[in-house]
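These notes are about the structure you will find just below.
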């Protein structure tokens with residue numbers, strides 16, 4: 006067998022990279038669907054990005070684990086930006102553009118995608134009542150789980166200003182959640198945008214203050230029944246979000262007593278996270294184990 010290099014993920018959106026630069030943001034993934042590649046020299050995969058027949062950028066990619074081995078099933082990928090003052094309607098990616106890797110099939114080396122208008126969120130990082138001069142990382146998270154869901158990370162500059170051009174979730178109005186993370190102090194601030202459509206812009210400022218302490222784990226009886234509401238008690242003076250352990254999450258709530266229904270028997274781990282009025286978020290609490298048993 007021979008290698009088979011296949012692009013499997015290709016997203017593109019357009020908007021500002023900083024105050025003066027416009028361009029195309031790209032996220033891509035490529036997989037080796039054929040046999041493992043072994044080489045005496047580091048393996049280099051050459052990727053070209055084209056708009057119509059014009060090459061707008063090159064990407065050079067190497068295997069992640071070992072530079073001389075590209076394993077069967079191993080994915081390569083990442084996020085890149087190419088400057089472009091105009092938004093193309095679509096772009097094309099060609100992998101192994103110079104045929105440096107002998108393949109069993111070269112008919113699947115291309116992939117096309119439309120270029121979306123990005124959702125633009127910008128603003129300032131404020132610490133101790135002043136604009137933050139230190140570099141702060143900004144990234145998109147899932148509205149419910151708060152887990153990383155973006156395709157790239159953004160950074161504030163020395164004036165405390167940032168621009169994040171996000172890939173649109175859909176063509177409809179959607180809210181977008183961002184976390185600003187201060188690596189120096191290891192603190193996080195969460196903000197959620199108003200509903201936005203592709204191409205729309207909003208301002209979100211992040212004001213860093215004292216982080217809430219790690220909340221105590223929620224209290225509850227140790228056994229619940231399937232399809233029956235089960236009560237838990239929260240001890241926190243802040244708003245909290247609950248991870249129910251079944252891939253469901255609560256909204257931010259102020260109630261100290263709430264309930265949830267589990268639809269399958271099993272062992273679940275419930276935990277909570279707190280947020281203050283400035284958007285500073287705590288660590289997740291230690292989990293509370295809960296055994297859910299059948300109704301009979």
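Numbering (the working numbering), first residue to last: 6 to 301.
Ideal Cβ positions, reconstructed from N, Cα and C, are used throughout, including at glycine.
Practice problem: In angstroms with no decimal places, state the Cα-to-Cα distance between residue 156 and residue 98. | Solution: 17 angstroms
Quiz prompt | Cα-Cα separation, residue 132 to residue 161 | solution = 13 angstroms
Quiz item: Within the 8 angstroms Cβ cut-off, does residue 279 reach chain B?
Solution: Protein chain content of the structure displayed is limited to a single chain, and chain B is not contained in it.
Quiz item: What residue range is occupied by the uninterrupted beta strand (DSSP E) comprising residue 64?
Solution: 59-66
Practice problem: Assign residue 45 to buried or exposed, taking buried as 16 or more other Cβ atoms, counted over all protein chains shown, within 10 Å of its Cβ. | Solution: exposed
Quiz item: What does a CB cutoff of less than 6 angstroms around residue 125 pick up in its chain, not counting 5 residues either side in sequence?
Solution: 20, 170, 206
Quiz item: Going by the CB atoms, is the gap between residue 35 and residue 78 shorter than 8 angstroms?
Solution: no
Self-check item: Proximity winner among 200, 147, 271, 167, relative to residue 141 (alpha-carbon distances)
Solution: 167
Practice problem: Please name the residue or residues paired with residue 300 in a DSSP beta bridge. | Solution: For residue 300, which the question treats as bridged, DSSP gives no partner whatsoever.
Quiz item: Just to confirm, are residue 213 and residue 184 a CB contact at a threshold of 8 angstroms?
Solution: no
Quiz item: Which ranges would you report for the beta strand (DSSP E) in the region 131-177 if only whole runs of at least 3 residues count?
Solution: 142-146, 153-160, 166-171
Quiz item: DSSP puts residue 248 in a beta bridge; with which residues?
Solution: 254, 276
Exercise. Report yes or no: do three or more beta-carbon pairs, one from the region 186-196 and one from the region 256-263, lie closer than 8 angstroms?
Key: no
Quiz item: Between the beta-carbon of residue 300 and the beta-carbon of residue 251, is there less than 8 angstroms?
Solution: no
Quiz item: Roughly how many angstroms separate the alpha carbons of residue 274 and residue 238, rounded to a whole number?
Solution: 14 angstroms
Quiz item: Are residue 295 and residue 229 closer than 8 angstroms when you measure CB to CB?
Solution: yes
Quiz prompt | Through-space distance from residue 90 to residue 115, alpha-carbon basis | solution = 25 angstroms
Quiz item: Is residue 95 helix, strand or coil when you go by DSSP?
Solution: strand
Self-check item: Beta-carbon separation (whole angstroms), residue 10 vs residue 108, contact threshold 8 angstroms
Solution: 6 angstroms
Quiz item: Is the distance from the Cβ of residue 122 to the Cβ of residue 80 below 8 angstroms?
Solution: no
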